[in-house]
Amino acid sequence: MAQRLKTWDCHWSKQLLSFSVFGFYAAIALETSSIAATPLAKLDNWRFSPKTQQLEITLSIATTPRYFYLAQPPRLVVDLPNTNL
Numbered sequence: 001m002a003q004r005l006k007t008w009d010c011h012w013s014k015q016l017l018s019f020s021v022f023g024f025y026a027a028i029a030l031e032t033s034s035i036a037a038t039p040l041a042k043l044d045n046w047r048f049s050p051k052t053q054q055l056e057i058t059l060s061i062a063t064t065p066r067y068f069y070l071a072q073p074p075r076l077v078v079d080l081p082n083t084n085l
């Protein structure tokens, strides 16, 4: 009986591992296909005006930037998804 349980546990572990490996490859494939389907923007130009404290970014195609603030040192981080610099 103990040998049978050990065999069952081993079989269950292999099955679980095969599902997680399959899930990993499926996630990579889906992510890769979604990235390939999305056209990449190109950073064409950027300009900062110290007088007005404004940053202007020009891209080749429209994309929605994401931004957040960091405290140490104080700074603004701008993320341009699907963009080549």
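At position 54 of the sequence shown the residue is numbered 54 (UniProt numbering), and the sequence of numbers has no breaks. Even for Gly, the Cβ is constructed at its ideal location relative to N, Cα and C.
- Query: Which two residues bound the contiguous beta strand (DSSP E) that contains L40?
  - Reply: No beta strand (DSSP E) holds L40; DSSP gives it neither H nor E.
- What did DSSP end up calling N82 once you bin it into helix, strand or coil? coil
- Which residues DSSP lists as bridging I57, in chain order: W46
- Item | Span separating the alpha-carbon of L46 from that of P39 | Just to set this straight, residue 46 is Trp in the shown sequence, not Leu. The alpha-carbon of W46 is positioned some 20 Å away from that of P39.
- Task: Just the C-alpha distance for I71 and S60, rounded to the nearest angstrom, thanks.
- Result: With the sequence shown as reference, residue 71 is identified as Ala, and Ile is not the correct amino acid for it. Those two C-alpha atoms are separated by around 31 Å.
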